[in-house]
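**Student:**
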Amino acid sequence: MGRYLLHRLWQSALTLVLASVVVFVGVRALPGDPAQAMAGEEADPATVEAIRAQLGLDRSLPEQYLRFAGQLLSGDLGTSVRTGTPVSDMIGATLPVTLQLAVYAMVIAILLGMSAGVLAAVFRGRWPEWAANGLSLVTLSVPTFWLGILAVLYLSVRLGWFPASGYVSPFEHPLRGLYYLTLPALILGLSHTAVVQRQTRASMVETLTADFVRTARAKGLGRAAVVFRYGLRNSLIVVTTIVGLQLGGLIAGAVVTERIFSLPGIGKLTLDSVFTRDYPVIQAVVLVVTTAYIVINLLVDLLYTVIDPRMRVSGRAR
Numbered sequence: 001m002g003r004y005l006l007h008r009l010w011q012s013a014l015t016l017v018l019a020s021v022v023v024f025v026g027v028r029a030l031p032g033d034p035a036q037a038m039a040g041e042e043a044d045p046a047t048v049e050a051i052r053a054q055l056g057l058d059r060s061l062p063e064q065y066l067r068f069a070g071q072l073l074s075g076d077l078g079t080s081v082r083t084g085t086p087v088s089d090m091i092g093a094t095l096p097v098t099l100q101l102a103v104y105a106m107v108i109a110i111l112l113g114m115s116a117g118v119l120a121a122v123f124r125g126r127w128p129e130w131a132a133n134g135l136s137l138v139t140l141s142v143p144t145f146w147l148g149i150l151a152v153l154y155l156s157v158r159l160g161w162f163p164a165s166g167y168v169s170p171f172e173h174p175l176r177g178l179y180y181l182t183l184p185a186l187i188l189g190l191s192h193t194a195v196v197q198r199q200t201r202a203s204m205v206e207t208l209t210a211d212f213v214r215t216a217r218a219k220g221l222g223r224a225a226v227v228f229r230y231g232l233r234n235s236l237i238v239v240t241t242i243v244g245l246q247l248g249g250l251i252a253g254a255v256v257t258e259r260i261f262s263l264p265g266i267g268k269l270t271l272d273s274v275f276t277r278d279y280p281v282i283q284a285v286v287l288v289v290t291t292a293y294i295v296i297n298l299l300v301d302l303l304y305t306v307i308d309p310r311m312r313v314s315g316r317a318r
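Residue 248 in the UniProt record's numbering sits at position 248 of the sequence shown; the count goes up by one each step and never skips.
#1: May I have the straight-line CA-CA distance separating P96 from G265, to the nearest angstrom?
#2: Relative to the C-alpha of L14, which residue among V295, V107, V122 and A50 is closest?
#3: Considering only residues of the same chain and omitting the five flanking positions on each side of residue 355, which have a CB-CB separation below 7 Å?
#4: Assign P163 to one of three DSSP states: helix, strand, or coil.
#5: According to DSSP, is residue 348 part of a helix, a strand, or is it coil?
#6: Is T144 closer than 8 Å to V256 when the C-beta atoms are compared?
#7: Given the structure, does R259 come close to the ligand ATP, in the sense that its CB is under 7 Å from one of the ligand's heavy atoms?
#8: For the candidate residues V205, V48 and T270, whose alpha-carbon lies nearest to that of V238?
#9: Where does T144 fall in DSSP's three states?
#10: Using the rule of at least 16 other Cβ atoms within 10 Å of the residue's Cβ for burial, across every protein chain shown, is K209 buried or exposed?
#11: Measuring straight from C-alpha to C-alpha, what distance separates Q283 and F24?
#12: Please state the DSSP three-state secondary structure of P170.
#13: What do you get for D278, buried or exposed, if any count of 16 or more other CB atoms within 10 angstroms of its CB means buried?
#14: I need the boundaries of the alpha helix (DSSP H) containing V256, first residue and last residue.
#15: Relative to the C-alpha of G160, which residue among E129, L183 and S12 is closest?
#16: Within its chain, find whatever has a CB closer than 8 Å to the CB of R59; leave out the 5 residues flanking it on each side and keep chain order.
#17: Check whether the Cβ atoms of Q197 and A116 sit closer than 8 Å, and answer yes or no.
#18: Beta-carbon separation of R217 and V226 under 8 Å?
#19: Using the Cβ count rule (16 or more neighbours within 10 Å means buried), how would you classify F212?
#20: With distances taken from CA atoms, which of A132, R126, S273 and G56 is nearest M90?
#21: Going by C-alpha distance, which of F171, V168, M106 and K219 is nearest A185?
#22: If we count the other Cβ atoms within 10 Å of its Cβ and call it buried at 16 or more, is G26 buried or exposed?
#23: From V300, S88 and P45, pick the residue whose C-alpha is nearest to that of V74; which is it?
#24: Would you call T215 buried or exposed, if buried means 16 or more other Cβ atoms sit within 10 Å of its Cβ?
#25: Which value, in whole angstroms, describes the spacing of the CA atoms of V122 and T79?
#26: Using three-state DSSP, classify R318 as helix, strand or coil.
#27: Please confirm whether I260 and I108 have their CB atoms less than 8 Å apart.
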């Protein structure tokens, strides 16, 4: 187990290094000049060149990357070109909002998706399966931004059930904070419910038709015990994989939802930085999201050994 953990940590570190190179080169491929954006359209060339030298943009790409990597290793994410604020402070203020939204949305996706998947697997060929499949089809077909706009118009403006925008920290006011996050989390979570539902159903159908389940039923084990003790438990491995991947996607894909509901999350910060060519902020945000993907995948790999003891590894993954 220890060797496997070290191997996965080494892979994660290598992935992060390669991601930093891709992010660094990709950001500089964006059209526009941040020095010109800072100086303004009417600035003279000497002023623009002075700003470029201050930002280090007058150096070669390898020199710029080495400087960037050195700052990362020292824990310095740089300073925003647009505001002059340390990037770490900006991410520290916005990332918790996105994490709260993503976790809340994933809880909704798990509850709805697994419930629908269990019903579809247990009642195959009957109306519960048709209803569950219809729900997954709708959530897959309707774009998140369109569903969010409809939710604001009908659930917030017309019915007044939820606030149309705004954010309250759940750490300061738990109930009020959850109330403000419920509608955005519901819209974001519905877009991932179908994936959880389909994978849960497919895994449970395979498990419930296995020989050991038939043997358990023949010995008189009740239907509920078969479904939950054998079917659902054996489906957790597949569902865990999907949830891990989807959680990383929720963090990265919260941009549209945060924009619709005016949430001060990392998605809004990313869009503002792209529009203003704020290289340090863009680089830091993408690397933070990449790190989240890597950490979540590592935790999912380790969680396999807890869910299913047969998958415990000794020295390397099997």
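Every residue gets a Cβ at the ideal spot worked out from N, C-alpha and C, and that includes glycine.
**Tutor:** Short version:
#1: Mapped onto the sequence shown, residue 96 falls at position 96. Mapped onto the sequence shown, residue 265 falls at position 265. Roughly 7 Å separates the two Cα atoms.
#2: Counting from one through the sequence shown, the residue named residue 14 turns up at place 14. Among V295, V107, V122 and A50, the Cα nearest to that of L14 is on V295.
#3: Nothing can be reported for residue 355, as the shown portion of the chain is limited to 1 through 318.
#4: By 1-based counting over the sequence shown, the position of residue 163 is 163. Residue state, collapsed to three classes: coil.
#5: Outside the shown range of the chain, which is 1 to 318, sits residue 348, and nothing can be said about it.
#6: If you number the sequence shown from 1, residue 256 lands on position 256. If you number the sequence shown from 1, residue 144 lands on position 144. Yes. Within cutoff.
#7: The ligand ATP is not among the ligands present in this structure, which contains no ligands whatsoever.
#8: Position 238 of the sequence shown, counting from 1, holds the residue named residue 238. Nearest to V238 by alpha-carbon distance, out of V205, V48 and T270, is V205.
#9: Taking the first residue of the sequence shown as 1, we reach residue 144 at position 144. Correct three-state label for T144: helix.
#10: Numbered from 1 along the sequence shown, position 209 holds the residue referred to as residue 209. According to the sequence displayed, residue 209 carries Thr and not Lys. Using a 10 angstroms sphere on the CB of T209, the tally of other CB atoms stays under 16, which defines it as exposed.
#11: As a first step, residue 283 must be located in the sequence shown, where it is residue number 283. As a first step, residue 24 must be located in the sequence shown, where it is residue number 24. Between the alpha carbons of Q283 and F24 lies a distance of about 7 Å.
#12: Here residue 170 corresponds to residue number 170 of the sequence shown, with the count starting at 1. Here P170 sits in coil by DSSP.
#13: As a first step, residue 278 is located in the sequence shown; it is residue number 278 there, counting from the start. D278 is buried by the Cβ-count criterion.
#14: Looking up residue 256 in the sequence shown gives position 256. Counting along the chain, the alpha helix (DSSP H) containing V256 begins and ends at V255 to I260.
#15: The residue labelled residue 160 in the question sits at position 160 within the sequence shown. For the set E129, L183 and S12, the Cα lying nearest the Cα of G160 is the one of L183.
#16: Here residue 59 corresponds to residue number 59 of the sequence shown, with the count starting at 1. Here R59 has R67 as same chain residues with Cβ atoms under 8 Å from its own Cβ, once five neighbours each way along the sequence are excluded.
#17: Residue mapping note: residue 197 aligns to position 197 of the sequence shown, counting from 1. Residue mapping note: residue 116 aligns to position 116 of the sequence shown, counting from 1. Cβ atoms of Q197 and A116: closer than 8 Å.
#18: For this step, residue 217 is matched to residue 217 along the sequence shown. For this step, residue 226 is matched to residue 226 along the sequence shown. Between R217 and V226, the gap from beta carbon to beta carbon is short of 8 Å.
#19: Residue mapping note: residue 212 aligns to position 212 of the sequence shown, counting from 1. By the 10 Å Cβ count, F212 comes out exposed.
#20: By one-based count along the sequence shown, residue 90 stands at place 90. With distances taken between CA atoms, M90 lies nearest to S273 out of A132, R126, S273 and G56.
#21: For the purposes of this step, residue 185 is taken as the residue at position 185 of the sequence shown. For the residues F171, V168, M106 and K219, the minimum Cα distance to A185 belongs to M106.
#22: Locating residue 26 in the sequence shown gives position 26, counting from the first residue. By the 10 Å Cβ count, G26 comes out exposed.
#23: Here residue 74 corresponds to residue number 74 of the sequence shown, with the count starting at 1. Residue identity check: residue 74 is Ser in the sequence provided, not Val. Nearest C-alpha to S74: S88.
#24: Locating residue 215 in the sequence shown gives position 215, counting from the first residue. Under this definition T215 is an exposed residue.
#25: By one-based count along the sequence shown, residue 122 stands at place 122. By one-based count along the sequence shown, residue 79 stands at place 79. One C-alpha to the other measures close to 55 Å.
#26: Residue numbering aside, residue 318 sits at position 318 when the sequence shown is read from its first letter. In this prediction, R318 scores a pLDDT of 41, lower than 50, which makes its location untrustworthy; no coordinate-derived value is stated.
#27: For the purposes of this step, residue 260 is taken as residue 260 along the sequence shown, with counting starting at 1. For the purposes of this step, residue 108 is taken as residue 108 along the sequence shown, with counting starting at 1. Result no, Cβ atoms of I260 and I108 do not sit closer than 8 Å.
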